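Every letter in the sequence shown is one number past the one before it in the numbering used here, and letter 111, counting from 1, is 111.
Don't be surprised by glycine CBs; every beta carbon is placed ideally from N, CA and C.
Since we're looking at a predicted model, the values are computed, not measured.
This report refers to the structure that appears directly beneath it.
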Amino acid sequence: MKISLGCDHAGFDLKEYLKKELSKDYEIVDCGTYSNESVDYPEYSFKAAEKVANNECELGITICGSGIGSSIAANKVKGIRAALCHSTDFARLSREHNNANVLVLPGRFIAPHYALEIVKIWLDTPYSNAERHNKRIKQIKDYEERG
Numbered sequence: 001m002k003i004s005l006g007c008d009h010a011g012f013d014l015k016e017y018l019k020k021e022l023s024k025d026y027e028i029v030d031c032g033t034y035s036n037e038s039v040d041y042p043e044y045s046f047k048a049a050e051k052v053a054n055n056e057c058e059l060g061i062t063i064c065g066s067g068i069g070s071s072i073a074a075n076k077v078k079g080i081r082a083a084l085c086h087s088t089d090f091a092r093l094s095r096e097h098n099n100a101n102v103l104v105l106p107g108r109f110i111a112p113h114y115a116l117e118i119v120k121i122w123l124d125t126p127y128s129n130a131e132r133h134n135k136r137i138k139q140i141k142d143y144e145e146r147g
């Protein structure tokens, strides 16, 4: 599986940690940033999300300080369902119920080992494909298509 990974300066250290750990089992596409130097999160959130939207990667992960800005930015990319997750329960539910295709993490508020646990749960959890969830995702897609 190919996963896009993007971050701003506040998420850089966590991105590097996750990239090292995840590259053992997955192909990682590093969308930047590439240092702790201050940058604007939308650029890197867009890049990582676009890789998923364009089917260059199956899933994506973005990281900024709080995760909030990155989540907002990634969700502006058509076809993206980005979920900001602070726990393994949120990660599991975002996949089971919402078929989230981008995971957003708060780089300043989560320990690297716990972030990796969240990522692993998120990657390993399949979408439930229940009718009620399909209906809701279709509503989101339909609204998105209206422009």
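Local Cβ density within 10 Å of residue i, reported as buried at 16 or more and exposed below that
i: R81; result: buried
i: F12; result: buried
i: G69; result: buried
i: Y34; result: exposed
i: E50; result: buried
i: P126; result: exposed
i: G147; result: exposed
i: Y114; result: exposed
Contacting residues, own chain, Cβ-Cβ under 6 Å from residue i (five flanking each side not counted)
i: N75; result: A82
i: I121; result: T88, A91 and R92
i: A48; result: S4, G6, C31, G60 and T62
Residue i CB to nearest heavy atom of the ligand SAM below 6 Å
i: P106; result: The model on display carries no ligand, and the ligand SAM is accordingly not part of it.
Neighbourhood of residue i by C-beta distance below 7 Å, restricted to the same chain and skipping five residues each side
i: V39; result: D8, H9 and T33
i: D30; result: L5 and K19
i: E144; result: K78
i: P112; result: L14 and Y17
Inter-residue Cα distance where the pair is residue i and residue j
i: R108; j: K15; result: 12 Å
i: S45; j: N101; result: 13 Å
i: C57; j: D142; result: 23 Å
i: K135; j: V52; result: 22 Å
Proximity test, Cβ basis, 7 Å: residue i and chain D
i: E117; result: Absent here is chain D; the protein component of the structure consists of one chain.
Residues near residue i by beta carbon distance below 8 Å, same chain, minus five either side
i: N99; result: R81, Y127, H133 and I137
Quiz item: Three or more beta-carbon pairs under 8 Å between the region 7–24 and the region 57–74, yes or no?
Solution: yes
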